[in-house]
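A.B. asks:
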Amino acid sequence: MTNSPKSILITGGNGNIARLLAKRLADDGHSLTCLDIVAPDANDQIAGVDYHTSDICDEAYLETILAIRKPDIIFHLASLLSGSSEIDRPRAFRINALATFNLFELALKHGLPQIVFPGTGASYGPDVPATLPEDHPQWPENIYGVTKIANERLGNYYKAKHGLDFRCLRPPLVLSPFAPTSALTAYASHAYVAAHEGRAFAFPVSPNIGMSSIFIGDLVEGFVKLAFADKDSLTQPAYNLHALCPTAQEIADSISKYYPNFKYNFKPDETVEKLLRTAPNIFEDAGARRDWGWDPISDLDTCSEKMFELLSKR
Ligand SMILES: NC(=O)c1ccc[n+]([C@@H]2O[C@H](COP(=O)([O-])OP(=O)(O)OC[C@H]3O[C@@H](n4cnc5c(N)ncnc54)[C@H](O)[C@@H]3O)[C@@H](O)[C@H]2O)c1
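Counting along the sequence shown from 1, when you hit position 55 you're at 55 in the numbering used here, and nothing is skipped either side.
Take a look at the structure:
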């Protein structure tokens with residue numbers, strides 16, 4: 001149990017990460033409200049959770065939820081991801097940036113709930129060192145990264161000037177059985193799903209390529225640990241996360257230990273390779289380990305075992 005029961009709002013509550021986070025928090029006895037523009041499937045609904053299907057940009061609706069549910073903590077996960085953001089920049093700015101600004105303003109008006117926000121490793125931009133220090137300058141080149149860094153800065157402004165308890169973590173690539181099919185860098189996640197479903201898989205990268213990654217279950221624990229950490233122990237405006245950096249070949253080998261008949265090959269795609277070659281192998285994450293006990297799985301086979309456990313429950 002993470003302290004006494006809280007009222008918790010998750011925006012983007014029907015997302016890949018949010019669904020697991022909601023389950024984790026509901027199991028701990030918290031009172032959950034989930035808001036998403038997409039309604040959850042009946043099978044995905046958790047008993048006792050208050051689900052709302054609404055656009056985060058609908059300020060009046062959001063304000064009503066804050067007024068009625070009076071959240072102590074808001075996990076603000078609603079977002080367009082990188083690919084969709086680039087396709088529709090005005091929409092990305094409205095959802096990722098403007099709606100977050102509105103949320104901060106509403107938080108001031110409605111009792112200053114804590115806001116926990118995921119930034120992204122993508123906010124550092126291209127041409128970064130393979131081992132990335134946390135204080136490396138953040139100059140993203142895509143609109144997704146730009147809106148994420150804008151939110152980090154806004155959150156820290158509200159924290160410094162208005163006493164908002166803003167907490168931010170920056171996940172690298174998340175290994176998840178529920179990763180969106182359109183995400184270019186989600187090939188590792190998709191390989192697990194293919195193996196589980198008995199399908200062959202073509203890795204869109206060379207065997208020796210990898211990037212900083214974490215298992216989705218660890219990210220969920222990270223969100224919970226950061227939210228429930230003692231405020232005085234938090235010494236940084238934002239925290240990078242890292243767990244492991246498996247190459248495509250290592251992932252294939254690890255999957256094969258669980259599914260010996262897994263058939264795969266490597267068909268490098270120039271765009272994906274370029275993206276991976278400029279992504280850090282390691283995000284230095286000493287701050288999260290020191291300040292709030294970030295302690296993810298760093299062994300690939302254990303991570304594979306957990307991925308298949310989640311896939312079996314799906
Ligand atoms: N998956 C990763 O590798 C990764 C890495 C770094 C940060 N993040 C961040 O974590 C958060 C969750 O990511 P995810 O991988 O679960 O993505 P996801 O796409 O599964 O979740 C985002 C959710 O936001 C919802 N949403 C989008 N527009 C909305 C709107 N206008 N109003 C209400 N809801 C809206 C979507 O329907 C979706 O359910 C995002 O903020 C993302 O930027 C993810």
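Glycine is no exception: its CB is placed at the ideal position from the N, C-alpha and C atoms. This structure is a prediction, so every number in the text was calculated from the model and none was measured.
#1: Hey, quick one: how far does the alpha helix (DSSP H) through PRO40 stretch, first residue to last?
#2: Are ALA26 and LEU32 closer than 7 angstroms when you measure CB to CB?
#3: To the nearest angstrom, how far is the alpha carbon of GLU152 from that of PRO260?
#4: Mapping the DSSP letters down to three states, classify ILE282 as helix, strand or coil.
#5: Shorter than 6 angstroms, the distance from the beta carbon of VAL38 to the closest heavy atom of ligand 1, or not?
#6: Considering only residues of the same chain and omitting the five flanking positions on each side of ALA107, which have a CB-CB separation below 8 angstroms?
#7: Quick check on GLN236: does DSSP put it in helix, strand or coil?
#8: When the Cβ atoms of the region 117–134 are set against those of the region 275–287, are three or more pairs found closer than 8 angstroms?
#9: Does GLY13 come out as helix, strand or coil in the three-state DSSP assignment?
#10: State yes or no: is the C-beta of GLY155 within less than 7 angstroms of the C-beta of PHE117?
#11: Could you tell me whether the Cβ atoms of GLY315 and GLN236 are closer together than 7 angstroms?
#12: When you compare the region 191–209 with the region 236–246, are there three or more beta-carbon pairs, one atom per stretch, that lie closer than 8 angstroms?
#13: I need the DSSP call for GLY210, collapsed to helix, strand or coil.
#14: Taking the alpha-carbon positions, what's the PHE308 to ARG314 distance?
#15: Starting from HIS76 and walking both ways along the beta strand (DSSP E), at which residues does that stretch end?
#16: Tell me the DSSP secondary structure of HIS136 in three-state form.
#17: Classify HIS30 as helix, strand or coil using the three-state DSSP reduction.
#18: Please report the distance separating the alpha-carbon of SER212 from that of ALA186.
#19: Quick check on the DSSP output: what are the complete alpha helix (DSSP H) runs of length 4 or more inside the region 50–89, in order along the chain?
#20: Straight-line CA distance for THR11 to LEU77?
#21: Just the Cα atoms here: how many angstroms apart are ILE17 and GLY293?
#22: Going by alpha carbons, who is nearest to SER82 out of PRO137, ARG19, LYS274, THR120?
#23: With hydrogens ignored, establish whether the beta-carbon of ILE95 is closer than 6 angstroms to any heavy atom of ligand 1.
#24: Take every Cβ of the region 256–275, pair it with every Cβ of the region 51–65, and state whether three or more of those distances are shorter than 8 angstroms.
#25: What do you reckon, are the CB atoms on LYS6 and ASP50 nearer than 7 angstroms?
#26: Would DSSP call ARG24 helix, strand or coil?
#27: Hey, could you find the ends of the beta strand (DSSP E) VAL116 is sitting in?
#28: If I measure Cβ to Cβ from ILE255 and keep anything under 7 angstroms in the same chain, skipping five residues before and after, which residues do I get?
#29: Put ASP228 into one of helix, strand or coil per three-state DSSP.
C.D. replies: Quick answer:
#1: Counting from 1 along the sequence shown, the entry for residue 40 is found at position 40. Segment: none, PRO40 is in no alpha helix (DSSP H) and carries neither H nor E.
#2: By 1-based counting over the sequence shown, the position of residue 26 is 26. By 1-based counting over the sequence shown, the position of residue 32 is 32. Taking 7 angstroms as the Cβ cut-off, ALA26 and LEU32 qualify as a contacting pair.
#3: Start at 1 with the first residue of the sequence shown, and residue 152 comes out as number 152. Start at 1 with the first residue of the sequence shown, and residue 260 comes out as number 260. Rounded to the nearest angstrom, the two C-alpha atoms are 44 angstroms apart.
#4: Residue mapping note: residue 282 aligns to position 282 of the sequence shown, counting from 1. In this structure, ILE282 counts as strand in the three-state DSSP scheme.
#5: Sequence index remark: in the sequence shown, residue 38 carries index 38 (1-based). VAL38: yes, Cβ under 6 angstroms from ligand 1.
#6: Walking along the sequence shown from the start, residue 107 turns up at place 107. So the qualifying residues of the chain are LEU66, ILE74, PRO113, ILE115, TYR158, LEU164.
#7: On the sequence shown, position 236 is the one that residue 236 refers to. Of the three classes helix, strand and coil, the one that applies to GLN236 here is coil, per DSSP.
#8: yes
#9: Position 13 of the sequence shown holds residue 13. For GLY13, the three-state secondary structure derived from DSSP is coil.
#10: Working through the sequence shown from its first residue, we reach residue 155 at position 155. Working through the sequence shown from its first residue, we reach residue 117 at position 117. Yes, these two residues count as a Cβ contact at 7 angstroms.
#11: Shown here, the chain extends from 1 to 314; a query on residue 315 therefore has no answer.
#12: At 8 angstroms Cβ cutoff, the stretches do not touch.
#13: Within the sequence shown, the letter at position 210 stands for residue 210. Note: GLY210 maps to strand in three-state DSSP.
#14: Residue numbering aside, residue 308 sits at position 308 when the sequence shown is read from its first letter. Residue numbering aside, residue 314 sits at position 314 when the sequence shown is read from its first letter. Just so you know, the alpha carbons of PHE308 and ARG314 end up roughly 10 angstroms apart.
#15: Taking the first residue of the sequence shown as 1, we reach residue 76 at position 76. Taken as a continuous stretch (DSSP letters only), the beta strand (DSSP E) holding HIS76 covers 73–76.
#16: The residue labelled residue 136 in the question sits at position 136 within the sequence shown. Correct three-state label for HIS136: coil.
#17: Within the sequence shown, numbered from 1, the residue matching residue 30 stands at position 30. Coil, per DSSP.
#18: As a first step, residue 212 must be located in the sequence shown, where it is residue number 212. As a first step, residue 186 must be located in the sequence shown, where it is residue number 186. Between SER212 and ALA186, the C-alpha separation is close to 12 angstroms.
#19: 59–69, 82–87
#20: Along the sequence shown, one-based indexing puts residue 11 at 11. Along the sequence shown, one-based indexing puts residue 77 at 77. Cα-Cα distance, rounded: 5 angstroms.
#21: Stepping through the sequence shown from its first residue, residue 17 is reached at position 17. Stepping through the sequence shown from its first residue, residue 293 is reached at position 293. Cα-Cα distance, rounded: 20 angstroms.
#22: Your numbering for residue 82 matches position 82 in the sequence shown. Per the Cα distances, THR120.
#23: Counting from one through the sequence shown, the residue named residue 95 turns up at place 95. ILE95 Cβ: within cutoff of ligand 1.
#24: The answer is no - the region 51–65 does not touch the region 256–275, with fewer than three Cβ pairs under 8 angstroms.
#25: Position 6 of the sequence shown, counting from 1, holds the residue named residue 6. Position 50 of the sequence shown, counting from 1, holds the residue named residue 50. No, Cβ-Cβ distance for LYS6 and ASP50 is not below 7 angstroms.
#26: For the purposes of this step, residue 24 is identified with residue 24 of the sequence shown, where counting begins at 1. In the structure shown, ARG24 sits in a helix (DSSP, three-state: H, G or I).
#27: Locating residue 116 in the sequence shown gives position 116, where the first residue counts as 1. First-last of the beta strand (DSSP E) with VAL116: 114–118.
#28: Taking the sequence shown and counting its residues from 1, one reaches residue 255 at position 255. If we look at ILE255 and ignore the five residues flanking it on each side, its Cβ neighbours are ALA191, TYR192, ALA195, PHE262, SER304.
#29: The residue labelled residue 228 in the question sits at position 228 within the sequence shown. Correcting the residue type first, residue 228 is Phe in the shown sequence and not Asp. Residue state, collapsed to three classes: helix.
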